[in-house]
Amino acid sequence: MDFQAVSLPQIRWMVPDDIESVMLIEQDGVSSTWGASRFETELANSACRYIVVNSPDKTTPLPAFGGLWLGVDEAHVVTMAVKDPLRRQGFGSLVLRALFAVAMDLQLCSVTLECRVGNDPAQRLYRKFGFVEVGTRPRYYSNGEDALIMTTDETDSSSFQRSLLALDEQLRGKFPGTTFMPEGHALSAGWQGTVRRVKQKFIRVSRSVRSRTP
Ligand SMILES: CC(C)(COP(=O)(O)OP(=O)(O)OC[C@H]1O[C@@H](n2cnc3c(N)ncnc32)[C@H](O)[C@@H]1OP(=O)(O)O)[C@@H](O)C(=O)NCCC(=O)NCCS
């Protein structure tokens with residue numbers, strides 16, 4: 381297989397047919413890899429959004445992927461990886477930028493994640509994108525390694541928007557013409573409806589608890 385750099389990568393939603401290629405990316409040094417069935421479950425879950433970076437010529441294997449879990453106010457980066465020979469070329473940044481685009485399209489206020497304390501490349505990438513360390517989860521990973529909890533500023537704050545503009549400029553220099561929002565982003569409407577229903581239910585429950593409190 382030829383893992384040459386892709387001249388004009390496209391961002392699109394991950395589909396079940398991508399799972400095999402995604403697992404090949406994962407096998408390149410992601411210490412806890414998921415099996416195919418885990419990806420199938422995630423893709424079927426309406427609270428998850430997975431993206432891949434795609435080669436327009438359809439012959440180059442997928443260079444990178446990433447996934448988000450959607451919360452009521454916050455998006456959680458669950459996993460992301462870049463095919464080993466293609467690292468340090470901007471694909472990780474492209475994946476993270478696309479995940480930000482998805483989160484912001486869904487009006488989620490911040491993005492959070494866990495990262496191994498020993499994963500220096502990933503931490504550098506996340507810091508570059510404005511993540512800051514807000515805590516640790518001791519022995520979070522199966523090998524006993526601690527996790528850093530990292531989170532961004534509010535996505536609609538002027539500081540976040542300013543640093544995103546600077547990162548966008550860098551990315552557009554590397555990948556001119558690539559749009560960050562995955563193609564066919566009609567998926568957002570469904571999630572906003574779900575969030576609205578959850579919030580309404582929460583308001584109803586809190587009102588009923590308050591009315592019963594003496
Ligand atoms: C972490 C990972 C996704 C980064 O992807 P990438 O395509 O190499 O990242 P980029 O080329 O976009 O790098 C963006 C920035 O991250 C930092 N960075 C990434 N890899 C780095 C490394 N090996 N050493 C130092 N800094 C690094 C740099 O600041 C870089 O910016 P620069 O190139 O302007 O210096 C990739 O290393 C990977 O797939 N690792 C294995 C899976 C993994 O750890 N996933 C994260 C789980 S929390």
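Just so we're aligned, residue 381 is where the sequence shown starts under our numbering, counting upward by one. Positions of the beta carbon are idealized from the N, C-alpha and C atoms, including for glycine. If you're wondering where the values come from, they're calculated on a predicted model, not measured in any experiment.
- Per DSSP, the beta-bridge partners of Ile-529 are Glu-494, Gly-515.
- Short note on Phe-471: C-beta closer than 7 angstroms to some heavy atom of ligand 1.
- Rounded to whole angstroms, the Cβ separation of Pro-389 and Phe-509 is 18 angstroms, and the two are not in contact under 8 angstroms.
- Annotation note: the segment 457-505 contains the following uninterrupted beta strand (DSSP E) runs of length 3 or greater, listed N- to C-terminal: 490-496.
- Beta-bridge partners assigned by DSSP to Asn-434: Gln-390.
- With respect to the C-alpha of Leu-479, the residue from Leu-544, Val-585, Arg-519 having the closest C-alpha is Leu-544.
- Ranked by Cα distance from Asp-398, the first of Ala-483, Ala-546, Gly-446 is Gly-446.
- For Leu-448, the beta-bridge partners assigned by DSSP are Arg-429, Val-457.
- If you check the CB distance, Leu-466 and His-456 do not come in under 8 angstroms.
- Apart from sequence neighbours up to five positions away, the residues of its chain that approach Tyr-506 with a beta-carbon distance below 8 angstroms are Leu-476, Leu-493, Cys-495, Met-530, ordered along the chain.
- For Asn-434, the closest of Thr-574, Leu-423, Val-462 by C-alpha to C-alpha distance is Val-462.
- Closest in alpha carbon position to Pro-396, among Leu-404, Thr-440, Glu-420, Gln-487, is Glu-420.
- Inclusion of Ser-490 and Thr-535 in the CB contact set at 8 angstroms is warranted, their separation being smaller than that value.
- In this structure, Pro-441 keeps its C-beta atom at 8 angstroms or more from the C-beta atom of Phe-471.
- Approximately 6 angstroms separates the beta-carbon atoms of Phe-560 and Ile-391; this is inside 8 angstroms, confirming the contact.
- Not one heavy atom of ligand 1 falls within 7 angstroms of the beta-carbon of Cys-428.
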